[in-house]
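Let me begin by presenting the structure, written as structure tokens, before commenting on it.
2 protein chains.
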Amino acid sequence: MNILTTGQLAKKAQVNVETIRYYERRGLIPEPLRSESGYRHYSQDSIARIQFIKRAKELGFSLKEVSELLSLRVDPNTNCADVKRMAEVKITDIKEKIHALQRIKEALTKLRASCQGSGPAGKCPILEALDT
Amino acid sequence: MNILTTGQLAKKAQVNVETIRYYERRGLIPEPLRSESGYRHYSQDSIARIQFIKRAKELGFSLKEVSELLSLRVDPNTNCADVKRMAEVKITDIKEKIHALQRIKEALTKLRASCQGSGPAGKCPILEALDT
DNA sequence: ATAAACCCTGTACCTAAGTACGATGTCAAG
DNA sequence: CTTGACATCGTACTTAGGTACAGGGTTTAT
Numbered sequence: 001m002n003i004l005t006t007g008q009l010a011k012k013a014q015v016n017v018e019t020i021r022y023y024e025r026r027g028l029i030p031e032p033l034r035s036e037s038g039y040r041h042y043s044q045d046s047i048a049r050i051q052f053i054k055r056a057k058e059l060g061f062s063l064k065e066v067s068e069l070l071s072l073r074v075d076p077n078t079n080c081a082d083v084k085r086m087a088e089v090k091i092t093d094i095k096e097k098i099h100a101l102q103r104i105k106e107a108l109t110k111l112r113a114s115c116q117g118s119g120p121a122g123k124c125p126i127l128e129a130l131d132t
Numbered sequence: 001m002n003i004l005t006t007g008q009l010a011k012k013a014q015v016n017v018e019t020i021r022y023y024e025r026r027g028l029i030p031e032p033l034r035s036e037s038g039y040r041h042y043s044q045d046s047i048a049r050i051q052f053i054k055r056a057k058e059l060g061f062s063l064k065e066v067s068e069l070l071s072l073r074v075d076p077n078t079n080c081a082d083v084k085r086m087a088e089v090k091i092t093d094i095k096e097k098i099h100a101l102q103r104i105k106e107a108l109t110k111l112r113a114s115c116q117g118s119g120p121a122g123k124c125p126i127l128e129a130l131d132t
């Protein structure tokens, strides 16, 4: 069980088979060796690779950014600072998203407070506010 | 200047002409009257309608939800409470998004702190964390 | 009267991150 | 030796919210 087929890798890494092919097309996982008949053969390392991708995604990195992280890892000319910078950019980015959502939340909260919850919708102050 | 063509409406409402056609297809704006030659003729009300859509979008409502808001407005059987409920659902929704982003932000902040910013990227603790 | 600037329709394209499918080939079990 | 479960490929479809043509017709300004 040292070598994995696409389906086995998919199961172990908890992704769809098609996702693996997709990641390969996107260059996120290297092209694996093939059997005589053309079947892909993956090593155990591939599980870790897919999990790396999944974790980075959970941290808000796009697949494009994941590629960059993966390249940084391999390129001997890059250093830690490059990685750290990417993390910082992403943090800033996420902070902005949070602020935007907070502004929206406050606006909605005010609108909610303006509405008594009775009477026809046609005269709802929430809808009227949107009309202004 | 009482009546507007698509292009004039687009300019007044600050949207792309194609967006107007798109909203019409989606049923967000009613089909306007047409001139002899088939040109759409919009009233001033249409500007307000598009602005309603834009504002609702800014508050995080999808176009599908905007449709619902618009229907509520017209339907005499609905009341304010329905609108208020939609606002509440959206607020909850946005709160969840904020929390998710905050968790991500914290995870990233920790990772950033773990990295001194020097040394080869191959040994960066941020990347190592993703490998775990 | 003619060119520029509009408008019409239908359809294709865009981003992101996959998912689904049809046609075909291969492998393992009974 | 056949059936079922897998594998391959290329391509199309998905969601959301538009945007961009191409190939026509119309209006307006000069």
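Chains as they are written, first to last, in the UniProt record's numbering: chain A, 1 to 132; chain B, 1 to 132.
Glycine included, each C-beta is placed from N, C-alpha and C at the ideal position.
All of these numbers come straight from a predicted model, not from anything done at the bench.
Between the options, which lies nearest to residue i when the distance is taken from Cα to Cα?
| i | options | result |
| --- | --- | --- |
| I47 (chain B) | B:E68, B:P30, B:L9, B:K54 | B:L9 |
| K84 (chain A) | B:G7, B:A121, B:S35 | B:A121 |
| I3 (chain B) | B:G27, B:Y39, B:G119 | B:Y39 |
| Q108 (chain A) | B:Q116, B:C124, B:N16, B:K57 | In the sequence on display, residue 108 (chain A) carries Leu and not Gln. Residue B:K57 is the option with its Cα nearest to L108 (chain A). |
| I29 (chain B) | B:S37, B:E68, B:S35 | B:E68 |
| T5 (chain B) | B:R25, B:R26, B:G27, B:S37 | B:S37 |
| R112 (chain B) | A:R26, A:G119, A:D82 | A:D82 |
| I93 (chain A) | B:A100, B:K105, B:K64 | In the sequence under discussion, the amino acid at residue 93 (chain A) is Asp, which differs from the Ile named in the question. It is B:K105 whose Cα lies nearest to the Cα of D93 (chain A). |
| P125 (chain B) | A:K95, A:K123, A:R73 | A:R73 |
Quick one: which chain A residues come within Cβ less than 7 Å of residue i?
| i | result |
| --- | --- |
| E55 (chain B) | Residue identity check: residue 55 (chain B) is Arg in the sequence provided, not Glu. Within chain A, the residues near R55 (chain B) are L130. |
| G119 (chain B) | N79, C80 |
| L101 (chain B) | I94, K97, I98 |
Residue i touches chain A at which residues, Cβ-Cβ below 9 Å?
| i | result |
| --- | --- |
| K64 (chain B) | Within 9 Å Cβ-Cβ: nothing; K64 (chain B) doesn't reach chain A, min ~16 Å. |
| I126 (chain B) | L69, C80, V83, K84, M86, A87 |
| T109 (chain B) | A87, I91 |
Return helix, strand or coil for residue i, following the three-state DSSP convention.
| i | result |
| --- | --- |
| R26 (chain B) | coil |
| L59 (chain A) | coil |
| residue 150 (chain B) | Lying before the first or after the last residue shown, residue 150 (chain B) is absent from chain B, which here runs from 1 to 132. |
Under 8 Å between beta-carbons, which chain A residues line up against residue i? List them in chain order, please.
| i | result |
| --- | --- |
| K105 (chain B) | I91, I94, K95, I98 |
| A48 (chain B) | D131 |
By the criterion of Cβ-Cβ separation under 7 Å, what are the contact partners of residue i in chain B?
| i | result |
| --- | --- |
| R73 (chain A) | A121, G122, L127 |
Quick one: list the residues of chain B neighbouring residue i, beta-carbon separation under 9 Å, in chain order.
| i | result |
| --- | --- |
| P76 (chain A) | P120, A121, G122 |
Could you work out which residues of chain B lie near residue i, taking near to mean beta carbons separated by less than 8 Å?
| i | result |
| --- | --- |
| Q116 (chain A) | C80 |
Open item on the list: So if I threshold CB-CB distances at 7 Å, which residues from the region 78-94 of chain B count as touching chain A?
Closed with: Of all residues in the region 78-94 of chain B, T78, N79, C80, A81, D82, V83, K84, A87, E88, K90, I91, I94 have a Cβ within less than 7 Å of some Cβ in chain A.
TODO: Starting from the N-terminal side, write out each stretch of the alpha helix (DSSP H) that is 4 residues or longer and does not extend beyond the region 66-120 of chain B.
DONE: Whole alpha helix (DSSP H) segments, 4+ residues: 80-114.
TODO: With 9 Å as the C-beta to C-beta threshold (strictly closer), list the residues of the region 18-43 of chain B near chain A in chain order.
DONE: In summary, no residue of the region 18-43 of chain B has a CB separated from any CB of chain A by less than 9 Å.
Task: alpha helix (DSSP H) runs contained entirely in the region 2-48 of chain B, provided each spans 4 or more residues - done: Restricted to the region 2-48 of chain B, the alpha helix (DSSP H) segments that are unbroken, complete and at least 4 residues in length are 6-13, 17-25, listed in chain order.
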